[in-house]
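Sequential numbering of the sequence shown, starting at 1, is according to our numbering. Have a look at the structure below, then the notes.
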Amino acid sequence: MTTAEEYGTALEPVEVVDAELVDDDAPGAGAVAVPDPVAAVLAALDTDAKDYLNRIRPKKTKDGYARDWEVWREFHVWLAARTGTPLPLSSITVGTFVSFVTYLDQVIEAPPNTIERRITGVTSEARKRGYTVPKEATEAARRALKPLKLDENRMKRGRGKAAALAPADLRKMAEAPRERQPQPTARTRRVFVVPELARLRDQALNSLKVAVAGRNEEMSVLNDAHIEVVDEGLKVYVPSVKGRPPRTDPVTYGENRATCPVRCWQAWREAKLAAGAAPDGPAFLPVDQWGHLGTKRLSPDGIGRALARSAKYAGLTGRRITGHSARRTLVTLGVKNGKRVDKLRRQGGWSANSPVFWQYVDEGAMFEDAPTQGIGL
1 MTTAEEYGTA LEPVEVVDAE LVDDDAPGAG AVAVPDPVAA VLAALDTDAK DYLNRIRPKK
61 TKDGYARDWE VWREFHVWLA ARTGTPLPLS SITVGTFVSF VTYLDQVIEA PPNTIERRIT
121 GVTSEARKRG YTVPKEATEA ARRALKPLKL DENRMKRGRG KAAALAPADL RKMAEAPRER
181 QPQPTARTRR VFVVPELARL RDQALNSLKV AVAGRNEEMS VLNDAHIEVV DEGLKVYVPS
241 VKGRPPRTDP VTYGENRATC PVRCWQAWRE AKLAAGAAPD GPAFLPVDQW GHLGTKRLSP
301 DGIGRALARS AKYAGLTGRR ITGHSARRTL VTLGVKNGKR VDKLRRQGGW SANSPVFWQY
361 VDEGAMFEDA PTQGIGL
């Protein structure tokens, strides 16, 4: 038996501590912590909310954000080729986001508005994947973008803003001959005339689109039941689109028959019902080149093309006239004619802090009490 003496040491008394004093409510060694039920419920609700918000997001927005994320991936491939070090897509910092802006501007040569949308899309997709997007990173990217927006040549890279229309433009669009000239390579040289039914539809569509400052998607989902004829004109219920609140817009009779939204709507509705359209069906239907009326509602893209096509027939070239021109037109014409800004904003469904809306207001009021007016020049 080995003793302490054999090791050349003496046995010393050892003080033994039975237990460490701890708080009564703290888990002991080896104890399993019980999950907080409140935290568990809140986490579940957050997850459900994210799933729900993703489901109700419009498909067009989802597709756009998905493309933005692909561009973010392409940027990382480009960056890895330059630095020799691939970075994870989750590395969103001031440096990577500012470099992303530079890449889009100098390598891709994207217009500033597209760059701004890419920043938004990448931010949304990154957070959706559980990545952290620091606020300072997005702020830095937008600061880097700001001088690019002031560069005229860079702004020309994009399609530019949709032009506003004057009353004379709208009358030209409504009254222009609807003839489509044959292409130089066409086998037949006859002039194609747009059917009368399509002309009536475009008159009603374009005038009503201006009157309610309608978005393409909003005009597409309109049904006959949403447009009520009243003594004063029309009450147009614009349904909710892309999560925006619905609204009911008053539309009065116009001064000119060709651009009066009330009379144009009545003429179109009477004509389409005579052509076999279902009562209380879609407000605007397609019409083919032979004048046959379709049964499915006109798509949002079809709505926008109708206005652009009418401008082309009227010879309004040199300006970018699109479906969005109607929204700009209502505000600029309304401000020039002394309409209340708050009513114009509600008519088109803009938010109170919409920067686009206030740009249109400034445009309409540009010559109101102009600095050069009445100063003796």
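Where is the CB? At the ideal position from N, CA and C, for every residue including glycine.
Query, Result
"Extent of the continuous beta strand (DSSP E) run through ARG247", "247–252"
"Opening and closing residue of the alpha helix (DSSP H) in which GLU255 lies", "From DSSP, GLU255 is part of no alpha helix (DSSP H); its letter is neither H nor E."
"Unbroken alpha helix (DSSP H) run spanning LYS296, endpoints", "Where LYS296 is concerned, there is no enclosing alpha helix (DSSP H), given that its DSSP letter is neither H nor E."
"The stretch 143–154 contacting the stretch 230–239, beta-carbon criterion three pairs below 8 Å", "no"
"Nearest-angstrom Cα separation, counted from THR132 out to ALA126", "7 Å"
"ASP202 to GLU218 span [Cα, whole Å]", "16 Å"
"Limits of the alpha helix (DSSP H) - the one that LEU170 falls within", "167–175"
"Per DSSP, the bridge partner or partners of ASN153", "According to DSSP, which records beta bridges pairwise, ASN153 is partnered with nothing at all."
"Residue interval of the beta strand (DSSP E) (run including GLY233)", "233–238"
"Cβ-heavy atom distance, PRO245 to the ligand MG, below 8 Å", "With respect to the ligand MG, the structure offers nothing, as it holds no ligand at all."
"Cβ neighbour criterion (16 or more within 10 Å) applied to VAL34", "exposed"
"ALA144 versus GLN106, PRO246 and ALA168, residue with shortest Cα-Cα distance", "GLN106"
"C-alpha gap between LEU316 and GLU196, whole angstroms", "21 Å"
"VAL229 burial status per 10 Å Cβ neighbour count (16 or more: buried)", "exposed"
"Residue from PRO147, VAL331, PRO279 and VAL287 whose Cα sits closest to the Cα of GLN347", "VAL331"
"Test item: CB-CB of ALA163 and ILE321 under 9 Å", "yes"
"The beta strand (DSSP E) enclosing ILE227, as first and last residue numbers", "227–230"
"Own chain, CB closer than 6 Å to ALA176, minus 5 neighbours either side, in chain order", "TYR313 and ALA314"
"Boundaries (first-last residue) of the alpha helix (DSSP H) holding HIS76", "59–83"
"Pairwise C-alpha distance: PRO88 and ILE303", "42 Å"
"Burial state of PRO261, where buried means 16 or more other Cβ atoms lie within 10 Å", "buried"
"Whole-angstrom distance between ALA174 and ARG199, CA atom to CA atom", "8 Å"
"ILE119: first and last residue of the uninterrupted alpha helix (DSSP H) it sits in", "112–128"
"DSSP three-state assignment for ASN337, whether helix, strand or coil", "coil"
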